[in-house]
Each structure stands twice: as C-alpha cells, then as structure tokens.
Amino acid sequence: MRTPSARSIRAAVASALAVVTVLSVGGCSSDDENADDISVEPRPPAESPEATVTPAGTVSAFAPVDALTFDPVTRTLVALTDASTTVTLVRDEATAEARVVDLGSTGAELVAGRDSTVLVPMDGAVARIGVADGRRTDMTVDADALSAADLPDGTTAVGDDSGTVRVLDTNGQVTATVSGGSLTSADALASTPKGVSVLDRRQTSVTDLNLDDGTLGVALRAGEGAAEMTSDEFGRLLVTDSTGTELLVFTSHDLLMRQRFPVGAQPWAITYDEQSGIAWVTLPALNEVVGYTLDTGIPVEVERLATVRQPDSVAVDADTGDLYVGSATGDGLQRIPAAGR
Numbered sequence: 002m003r004t005p006s007a008r009s010i011r012a013a014v015a016s017a018l019a020v021v022t023v024l025s026v027g028g029c030s031s032d033d034e035n036a037d038d039i040s041v042e043p044r045p046p047a048e049s050p051e052a053t054v055t056p057a058g059t060v061s062a063f064a065p066v067d068a069l070t071f072d073p074v075t076r077t078l079v080a081l082t083d084a085s086t087t088v089t090l091v092r093d094e095a096t097a098e099a100r101v102v103d104l105g106s107t108g109a110e111l112v113a114g115r116d117s118t119v120l121v122p123m124d125g126a127v128a129r130i131g132v133a134d135g136r137r138t139d140m141t142v143d144a145d146a147l148s149a150a151d152l153p154d155g156t157t158a159v160g161d162d163s164g165t166v167r168v169l170d171t172n173g174q175v176t177a178t179v180s181g182g183s184l185t186s187a188d189a190l191a192s193t194p195k196g197v198s199v200l201d202r203r204q205t206s207v208t209d210l211n212l213d214d215g216t217l218g219v220a221l222r223a224g225e226g227a228a229e230m231t232s233d234e235f236g237r238l239l240v241t242d243s244t245g246t247e248l249l250v251f252t253s254h255d256l257l258m259r260q261r262f263p264v265g266a267q268p269w270a271i272t273y274d275e276q277s278g279i280a281w282v283t284l285p286a287l288n289e290v291v292g293y294t295l296d297t298g299i300p301v302e303v304e305r306l307a308t309v310r311q312p313d314s315v316a317v318d319a320d321t322g323d324l325y326v327g328s329a330t331g332d333g334l335q336r337i338p339a340a341g342r
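Here this note's numbering is used: the sequence shown runs in plain steps of one and ends on residue 342.
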C-alpha cells in the first residue's frame, strides 16, 4: 500500500548484492523460481499516462499520496504525504477535517499498528502515531528502517535496508534479531497467525522468520520483481509482482505458492477487504484498480475501475467496502463507495 521513497530505493540499490538460495517446496515452484544468484534492482511504480477516463466515485483535492491505510475504529483515513515527510489524518471527508503530522524525516512506508496507531519506519527510528489525536512517539532503531509490524505479543518487528529484522519490546529494547543469510533488504513485513514473513525486493523473495531462535525459515522467489505485500485473515501473503505482471498468493510459515495470476499490466499497491474477500490491486500503467476474489483456487476478476492518475496507494474500509485510491502526482484522493459489493 505504499510507494517506496527515493531514500529506500537508493539504499536498496547501493547495498551490496547478495546470493539467495530459493527453496523449493513440493511442486509449487518452477525451475525459474528455484534459480540461484537472483538479484534485481528495485523499480518504482510504472509511470501513469494522463487520465482519459473519469475516475469512479468521487475525487477530492489532496496532497500527493505515497501510502494509505484506514483505521476502522476511529473511522480515519491515514495518508503518507508530501514526499513521505508528513502523515495526514482525515477524520471527516465531508468537512475535509484533517490533521497533519510532520515527520521531520522521510518515511519508508505506512502500516497499521495496534490500538488505532500507524507505524512509519524511517532512518534511525520508527514513529508510532495515534490516529485519534496525532500524538507521536518514536522507537529508536540503529539502522535505516524500511518496514515494521506489530506482533500479537505486544512487540514490534522492524526490518532495515541490510535485511536485518529486530524485535523491540514496548520500551524500545531489542529482544530478538534475525540477520545474515540470504536477506539483503527487509522491504515489507507481514504478521499472520502463523508467524512473521518478510519481503526482499532485491532478491524478489518472501521468507519466513523464526523469531524464537533468530534464524531464517523457508524462502521462495516471488516472481520477477516483487513490489508490495499484504496479508489476509487466513494467513495468506498477497504479493504484487510488478515486473512479472502477476498477483501472487502464498501461505505463510509453511510458505507455499498457492496462486499466481497474470493481471495484464504492472501491478503495484494492494489491499484486502476481509468482508467481501476481494484483493484490490492498482495498475498505475493503466490508471485502474482491479478487484480479485481468491476463493476458487485462482484469482477471479470481479471489478475493474478507473482511477486518478498514478494510483500508487490503496486502502479499504472493510465495514462499508469504500475503496480509497491516492494519486502520487497530486491528482487527488479518490473514494469509491462499496466497491465490489
């Protein structure tokens, strides 16, 4: 759901390239996916053409958006804005009531945290921002943090540009560390009922983490150029492969690729609606967002909608089905009521 900042892309490209051995599980992976010496240069989203079709729903003026998430408890839309240097909290769309929190740095991503908070990893820290009041507290991290995820036991996992993942307690103290091995960059983290998984863009791979003993678990290649990752209530990992133009679905912590589907363009942002069971994927090259159901064993397209230009971020209100799409070029914030329902 976020667009990588220029800082995170530069850091990924500048770091030393490593060798990854991608493990095969059963018959779920092709020979290509088991190739060694995989390394790719992380790419930004596809550049969008000028919009020629009226976007679905309504569009309101808004700052350029790099990431979106929605908090259902406070009914607040949260956006990473202004070249990822501010967080904007929108409580009332009708009155455009918004609160802006200045990060004083460049955020790498925006993720939902526990108790109506959001997490913003940055160089040297992870900011936790209260959605209701905008109050911010920072956890110091001795690294360039690129990803974060709150864990069920109250701790927080933080991934950095070297591929190291640290687990911090509520006091910010490191309680576990996973480093070394094949990971070269921890670009996204997903916490599911089955454990924690990490997306490495340069190795275009997904890897399970064994936090108890600080080791890496099973790894699988994720297409030709993995972009974004989210998870659902079933513990599945949903990954967009922008280079390979596919939507990939993995089970977590026994890491099997269950589904892969060509989407016909370069997919980027992804969000999942637990009520409708629809995964929404943005296609910046087409200025579209497409919904897929995943319950038949293969993604099935249910709706395709025109978006604002450069739709690099997407979020859903699972209570109402309202879909929010942010333009990274400042062409507005789009709301599509009850999408797919």
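All C-beta atoms, glycine included, are put in the ideal place defined by N, C-alpha and C. On a predicted model such as this, the values are computed, not experimentally measured, just so you know.
Local conformation of residue i per DSSP, three classes
i	result
D242	strand
V54	coil
S253	coil
P46	coil
G327	strand
Q260	strand
A68	strand
E225	coil
Rounded C-alpha distance that separates residue i from residue j
i	j	result
A307	Q267	15 Å
D32	D320	Note that D32 scores 34 on pLDDT, short of 50, meaning its location in the model is unreliable and no value can be drawn from it.
S30	V282	Its pLDDT being 36, under 50, S30 is placed unreliably in this model, and the value from its coordinates should be taken loosely. S30 and V282: Cα-Cα distance of roughly 23 Å.
L81	P122	12 Å
K195	V207	14 Å
D139	T297	43 Å
V23	A223	Residue confidence for V23 is low, a pLDDT of 34 falling below 50, so the modelled location carries little weight and cannot support an answer.
A177	E51	47 Å
G341	I279	8 Å
D332	E302	26 Å
L104	A228	24 Å
Beta-carbon proximity of residue i to residue j, cut-off 8 Å
i	j	result
L248	F262	yes
A149	T157	yes
D67	S85	yes
G58	Q335	yes
V112	G226	no
D151	R115	yes
V74	T89	no
Cβ shell of residue i (< 6 Å), same chain only, five flanking positions each side left out
i	result
V91	L78 and A99
G108	L81, S85, V121 and M123
G27	Confidence at G27 is low in this model, with a pLDDT of 31, below 50, so its placement is unreliable and no value can be given for it.
Interface flag, residue i vs chain C, CB-CB below 8 Å
i	result
R261	Note that chain C does not occur in the displayed structure, where there is just one protein chain.
Chain-order list of residues whose beta-carbon lies under 7 Å from that of residue i (same chain, five-residue window excluded)
i	result
A345	Residue 345 is absent from the structure shown; the chain starts at 2 and stops at 342.
T272	M2, T231, W281, V315, A316 and V317
Same chain, Cβ closer than 8 Å to residue i, five either side skipped, listed in chain order
i	result
V119	T70, D72, V79, V88, L111, V112, A113, R129, I130 and V132
List in chain order: all unbroken beta strand (DSSP E) runs of 3+ residues lying wholly within the region 267-314.
-> 271-274, 279-284, 289-294 and 301-307
Beta strand (DSSP E) runs wholly inside the region 85-145, at least 3 long, in chain order | 87-93, 98-103 and 118-131
Ranges of the beta strand (DSSP E) found wholly within the region 140-192, counting only runs of at least 3 = 157-161, 166-169 and 175-179
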